[in-house]
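Undergrad:
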Amino acid sequence: MTPIDFKELTPLCQAGIVWGFFWRCIATALGSALCGALLGGIVGFVLGISGIARSAIPMIGGLLGLLTGLFFFYLYVRWLLVSRLGAFRLVLVLAD
386 MTPIDFKELT PLCQAGIVWG FFWRCIATAL GSALCGALLG GIVGFVLGIS
436 GIARSAIPMI GGLLGLLTGL FFFYLYVRWL LVSRLGAFRL VLVLAD
């Protein structure tokens, strides 16, 4: 396995790698937004009818949104590490 510098790739190969990052990022962001909205709506409704103080609901919703975003970010990184980006794959190497 030979490391390749990104700057040494042809512009077409660079574009393929950038596109691979971009569309996966957009898909992950949309999934995160949809799941966050769904979870926020359900939890907000449940907390609203359960009698929790109105001032606590936005804080709980924000925490839930943060956790959802972090989970989807983790999925994004894992997806990048197992996917092909054009003719290439990302590989982790130990940095000295």
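Sequential numbering of the sequence shown, starting at 386, is according to my numbering.
Ideal placement from N, C-alpha and C gives every residue a C-beta, glycine not left out.
#1: Quick check on residue 421: buried or exposed, where buried means 16 or more other Cβ atoms within 10 Å of its Cβ?
#2: So, is residue 457 buried or exposed, given that buried needs 16 or more other C-beta atoms within 10 angstroms?
#3: In this structure, does DSSP put residue 474 in helix, strand or coil?
#4: Would you mind working out which of 478, 479 and 471 sits nearest residue 408, comparing C-alpha positions?
#5: Select from 452, 477, 479 and 389 the residue whose C-alpha is nearest the C-alpha of residue 417.
TA: Straight from the coordinates:
#1: buried
#2: buried
#3: strand
#4: 471
#5: 452
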